[in-house]
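In this note's numbering, the protein residues as written are 910 to 971.
Right under this line is the structure:
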């Protein structure tokens, strides 16, 4: 779904879903794996930090 929506809305800009689709046609370069890994680790870090902050707030209220 992301690719279809992006194709119609992006115009001349090459967005990440369009880049991945083009790369899949030619073979996925290592840069895509690096970007995906960084995005995953960044998301994981945000979830862990939010969890720790939430846990500390609950501990101080009791």
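The beta-carbon is built from N, C-alpha and C at its ideal position, and this holds for glycine as well. Quick caveat, the model's predicted, so the values are computed rather than measured.
Would you please state the rounded distance, in angstroms, between the beta carbons of residue 945 and residue 938? I believe it to be under 8 Å.
The residue you call residue 945 lines up with position 36 of the chain shown. The residue you call residue 938 lines up with position 29 of the chain shown. Residue 945 to residue 938, Cβ: 12 Å. No contact.
Since residue 916 contacts residue 929 with CB under 8 Å, what's their CB separation in whole angstroms?
Position 7 of the chain shown, counted from the first residue, corresponds to residue 916. Position 20 of the chain shown, counted from the first residue, corresponds to residue 929. The Cβ separation is near 12 Å, so there is no contact.
So what does DSSP say about residue 915, is it helix, strand or coil?
Taking the first residue of the chain shown as position 1, residue 915 is located at position 6. Of the three classes helix, strand and coil, the one that applies to residue 915 here is helix, per DSSP.
Can you tell me whether DSSP reads residue 936 as helix, strand or coil?
Taking the chain shown and counting its residues from 1, the one referred to as residue 936 is at position 27. Note: residue 936 maps to coil in three-state DSSP.
Where are the alpha helix (DSSP H) runs, 4 residues long or more, that stay fully inside the region 925-969, in chain order?
925-935
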